[in-house]
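To keep things clear, I will list the structure first and then write my remarks on it.
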Amino acid sequence: MALLYPNTYSLAISNLGFQLVYSLINGQPDIVCERFVYPETDQPLRSLESNHPLTDFAIVCVSVSFEHDFPRLAGMLAAGGIAPMAADRAADIAPGSPLVLMGGVGVFMNPEPLAPFADLMVIGEAEAVLPELLPLLLRVRASGIDRAAFLRRCGLVRGCYVPSLYTPAYGADGRVERITAEPGLPERVERVMLAETSCAAHSMQLSPAAELGMYMIELGRGCSRGCRFCAAGFIYRPPRLWTKEAILCALNQRPPHVDRIGLLGMEMASSETLDHIAAALQEQQCALSFSSLRADRISPQLISLLADSGLKSVAIAPDGASERLRRIINKGLSEADLLDAALRLVEAGIVHLKLYVMIGLPTETNEDFDELARMLARMREILLPVARKQGRMVEITLSVNSFVPKPWTPFQYLSFGGLDRNTALAMKNSAAALLALKQKIRYLRRMVNKLPNVRLKVDRPERVLEQAVFSRGDRRLAGVLLDMGIGKYSFKQAMKAHNLTSWQYAVRPREADELMCWQVLDHGIREGFLYQELERACRLQATSPCNTSHCRRCGICHGTRED
Numbered sequence: 070m071a072l073l074y075p076n077t078y079s080l081a082i083s084n085l086g087f088q089l090v091y092s093l094i095n096g097q098p099d100i101v102c103e104r105f106v107y108p109e110t111d112q113p114l115r116s117l118e119s120n121h122p123l124t125d126f127a128i129v130c131v132s133v134s135f136e137h138d139f140p141r142l143a144g145m146l147a148a149g150g151i152a153p154m155a156a157d158r159a160a161d162i163a164p165g166s167p168l169v170l171m172g173g174v175g176v177f178m179n180p181e182p183l184a185p186f187a188d189l190m191v192i193g194e195a196e197a198v199l200p201e202l203l204p205l206l207l208r209v210r211a212s213g214i215d216r217a218a219f220l221r222r223c224g225l226v227r228g229c230y231v232p233s234l235y236t237p238a239y240g241a242d243g244r245v246e247r248i249t250a251e252p253g254l255p256e257r258v259e260r261v262m263l264a265e266t267s268c269a270a271h272s273m274q275l276s277p278a279a280e281l282g283m284y285m286i287e288l289g290r291g292c293s294r295g296c297r298f299c300a301a302g303f304i305y306r307p308p309r310l311w312t313k314e315a316i317l318c319a320l321n322q323r324p325p326h327v328d329r330i331g332l333l334g335m336e337m338a339s340s341e342t343l344d345h346i347a348a349a350l351q352e353q354q355c356a357l358s359f360s361s362l363r364a365d366r367i368s369p370q371l372i373s374l375l376a377d378s379g380l381k382s383v384a385i386a387p388d389g390a391s392e393r394l395r396r397i398i399n400k401g402l403s404e405a406d407l408l409d410a411a412l413r414l415v416e417a418g419i420v421h422l423k424l425y426v427m428i429g430l431p432t433e434t435n436e437d438f439d440e441l442a443r444m445l446a447r448m449r450e451i452l453l454p455v456a457r458k459q460g461r462m463v464e465i466t467l468s469v470n471s472f473v474p475k476p477w478t479p480f481q482y483l484s485f486g487g488l489d490r491n492t493a494l495a496m497k498n499s500a501a502a503l504l505a506l507k508q509k510i511r512y513l514r515r516m517v518n519k520l521p522n523v524r525l526k527v528d529r530p531e532r533v534l535e536q537a538v539f540s541r542g543d544r545r546l547a548g549v550l551l552d553m554g555i556g557k558y559s560f561k562q563a564m565k566a567h568n569l570t571s572w573q574y575a576v577r578p579r580e581a582d583e584l585m586c587w588q589v590l591d592h593g594i595r596e597g598f599l600y601q602e603l604e605r606a607c608r609l610q611a612t613s614p615c616n617t618s619h620c621r622r623c624g625i626c627h628g629t630r631e632d
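Now the structure itself:
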């Protein structure tokens with residue numbers, strides 16, 4: 070069995086989900102799994118373990134995390150010598166004409182752009198689906214059943230989506246009118262999740278080539294905060310925080326020579342759990358690392374661990390430039406929270422603060438950016454006495470990223486670029502969205518240039534536009550992805566060649582009652598809930614964090630659906 074990751078080795082070996090799937094498959098006594106990663110320039114596509122070509126494998130699994138990897142995935146299938154499109158593969162499942170199975174968050178957020186490439190898609194978390202699916206794959210190989218019959222059987226397995234058995238119909242305006250399932254199959258494919266674990270997911274393969282050179286531990290899945298732009302806060306519902314015992318179990322699996330620990334999900338972990346972890350890390354003389362930290366979750370125990378770890382750079386995510394925008398996105402952080410966090414982190418020895426902020430949020434204006442600049446100036450004033458005392462100036466990096474409307478979020482209805490509804494509908498192209506973002510970047514650059522020791526880092530709106538198209542894309546993008554993946558066309562050229570526009574996917578605002586292509590999946594979210602959350606955002610109303618013991622808002626925990 071082959072396992073593909075559509076990016077370079079350094080990123081693949083740093084991806085905890087990819088490691089987990091590899092270990093789960095190889096944990097089956099009758100299966101040998103070999104990994105493939107996106108090859109370096111002019112290198113052939115061969116397995117890492119034995120240098121075999123992809124055509125030697127009868128089953129090809131793919132782990133997909135990010136939209137930008139979609140074209141690489143299409144290109145890897147073509148480079149491996151197998152038919153990229155599922156419809157072009159032979160009836161028999163065999164080496165050279167394998168069963169292609171895809172999974173990962175990039176699939177169960179919106180499977181449709183990749184659907185034409187996949188025979189089968191796993192909708193949900195690997196630990197909850199693979200134990201039933203892998204034995205079925207073995208029986209199929211032994212029985213010689215043909216592809217169509219096998220896929221029909223898989224369509225009845227919880228968490229398994231067979232794209233060829235579901236047919237979308239599009240109207241003259243390009244919108245999805247209906248999605249029809251083959252008789253006997255569920256109308257929508259239910260996502261399957263892991264309820265609990267006795268040992269948190271953790272690094273199982275370590276390599277000096279890894280992008281993240283540390284031992285990683287997952288603190289939980291999902292997030293209770295309900296930030297309205299964030300897909301992870303909705304597609305992983307209900308949020309599950311692993312127990313401190315499960316986390317310590319993972320910590321105890323680390324190799325003795327590894328003493329830098331990366332914690333995934335610190336933004337959602339409780340202060341009590343973080344304190345337990347911090348104490349355990351200090352006891353084992355381990356250093357701490359993490360991607361970002363919530364500004365209102367910094368305890369004295371955590372500060373002490375940060376100081377002992379010698380960590381010099383920390384990221385916190387205001388996400389919205391102003392308090393008004395942070396209310397709109399339901400971030401729940403005040404300026405006081407951010408300033409207090411910055412001060413405490415610098416006092417603990419941090420010399421580089423990174424602040425993540427999005428542009429292109431709904432109703433955003435230059436006044437919001439003015440407030441951000443004032444906050445940065447106040448942050449510098451507060452940090453200056455500490456920096457002088459420590460004999461080193463703190464560097465602040467403002468990392469600015471363009472907002473992308475994501476499926477299964479309250480902001481899935483909005484336009485890329487932050488355009489209001491009327492402007493987005495009137496323009497009918499993506500130029501206005503790109504121009505609006507570039508103007509915001511120029512405005513921010515002028516303001517930040519006035520602040521010493523504050524650096525601005527921005528993305529390219531044109532590059533983010535691709536992500537926005539793929540994020541809300543459907544099956545009609547398959548040809549675009551393939552042409553990009555094999556190097557035939559650029560994104561812009563491929564869209565034109567297939568008579569598609571970025572506007573229809575990224576910029577066009579969605580209607581409240583519009584059928585989305587990703588609704589072939591069932592995440593358990595109550596109909597109408599996401600749009601109601603959007604309306605609350607427009608009224609600047611906060612929504613309290615998930616409390617799975619009694620909350621009935623979204624319908625997953627105590628709604629009409631039962632698990």
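Its first residue numbered 70, the sequence shown is counted upward by one per residue in this note's numbering.
Don't be surprised by glycine CBs; every beta carbon is placed ideally from N, CA and C.
Predicted model, so just to flag it, every value in this text is computed and none were measured.
Could you tell me the boundaries of the alpha helix (DSSP H) in which I162 lies?
No alpha helix (DSSP H) contains I162, which DSSP labels as neither H nor E.
If you run the structure through DSSP and keep just helix, strand and coil, what is Y305?
Taken through DSSP and simplified to helix, strand or coil, Y305 comes out as coil.
Whole angstroms is fine: what's the gap from M462's alpha carbon to A127's?
M462 and A127: Cα-Cα distance of roughly 58 Å.
Three-state secondary structure assigned by DSSP to Y74
If DSSP states are grouped into helix, strand and coil, Y74 belongs with the strands.
Please return the same chain residues whose Cβ sits closer than 8 Å to the Cβ of E314, not counting the five positions on each side in sequence.
Taken in chain order, the residues that qualify are S267.
Assuming L117 and P108 form a contact by the criterion Cβ under 8 Å, report the distance between their Cβ atoms to the nearest whole angstrom.
In this structure L117 is not in contact with P108, their Cβ atoms being roughly 11 Å apart against a cut-off of 8 Å.
Under three-state DSSP, which class holds A501?
Collapsing the DSSP output to three states places A501 in a helix.
Status (buried if at least 16 other CB within 10 Å, exposed otherwise) for E631
Summary for E631: the model assigns pLDDT 35, below 50, so the residue's position carries little reliability; its value from the coordinates is reported in the next sentence. Sixteen is the threshold: since fewer than 16 other Cβ atoms of the shown chains lie within 10 Å of the Cβ of E631, the residue is exposed.
Give me the residue from R208, M285, V169 with the minimum Cα distance to V231.
Answer by Cα proximity: V169.
By a C-beta neighbour count over all protein chains shown, 10 Å radius and 16 as the cutoff for buried, is E450 buried or exposed?
When all chains shown are included, E450 counts as exposed.
Taking the alpha-carbon positions, what's the A160 to V209 distance?
Distance between the alpha carbons of A160 and V209: 13 Å.
For H421, does the three-state DSSP call read helix, strand or coil?
Note: H421 maps to strand in three-state DSSP.
Using the DSSP secondary-structure output, state which residues sit across from P237 in a beta bridge.
I248, per the DSSP bridge assignment.
I need the boundaries of the alpha helix (DSSP H) containing V455, first residue and last residue.
Counting along the chain, the alpha helix (DSSP H) containing V455 begins and ends at 435-459.
Minimum length 3: unbroken beta strand (DSSP E) runs contained in the region 500-559:
Qualifying beta strand (DSSP E) stretches, in chain order: 523-527.
Close Cβ partners of G379 (< 8 Å) along its chain, the five nearest in sequence each way excluded:
Excluding sequence neighbours, G379 sits near A356, G418.
Rounded to the nearest angstrom, what separates L453 and L520 at their Cα positions?
Spanning the two alpha carbons is a distance of roughly 13 Å.
Would you mind sorting S499 into buried or exposed? The rule is 16 or more other CB atoms within 10 Å of its CB.
Answer is buried; the Cβ neighbour count reaches 16.
By how many angstroms is the C-alpha of G228 removed from the C-alpha of I594?
Near 16 Å, if we compare the C-alpha coordinates of G228 and I594.
Just to confirm my understanding: we take E336, look at its own chain, exclude 5 residues before and 5 after, and list those with CB closer than 6 Å. What are they?
Excluding residues within five positions, the ones whose Cβ falls inside 6 Å are R363.
Please classify G96 as buried or exposed, where buried requires at least 16 neighbouring CB atoms within 10 angstroms.
G96 comes out exposed.
Nearest residue (CA-CA) to T617, options Q610, A611, L609, C626
That would be C626, whose Cα lies nearest to the Cα of T617.
Give, in chain order, every unbroken run of the beta strand (DSSP E) that is at least 3 residues long and sits entirely within the region 330-391.
The region 330-391 contains these whole beta strand (DSSP E) runs: 356-359, 382-388.
Buried versus exposed call for T629 [16 or more other C-beta atoms within 10 Å across all chains shown]:
Bear in mind that a pLDDT of 39 at T629, under 50, signals an unreliable position, so the number given afterwards is only what the model happens to contain. So T629 ends up on the exposed side.
Identify which residue in D489, S166, V174 has its Cα closest to the Cα of D215.
The shortest C-alpha separation from D215 is found at S166.
Out of R395, C223, I372, which has the shortest C-alpha to C-alpha gap to A410?
When only C-alpha atoms are compared, the closest one is I372.
Would you identify the three-state DSSP class for C130, choosing helix, strand or coil?
Here DSSP, grouped into helix, strand and coil, assigns C130 to strand.
Pick out whichever of M145, V538, Q508 has its Cα sitting closest to the Cα of L483.
The shortest C-alpha separation from L483 is found at V538.
Have a look at L288 and R221 and give me their C-alpha separation to the nearest angstrom.
Distance between L288 and R221, taken at the CA atoms: about 37 Å.
Let me make sure I understand the geometry here. Which of A81, L146, A71 has the alpha-carbon closest to that of N120?
Closest option to N120, Cα to Cα, is A71.
When DSSP builds the beta bridges, which residues end up paired with R290?
Looking at the DSSP assignment, R290 forms a beta bridge with R309.
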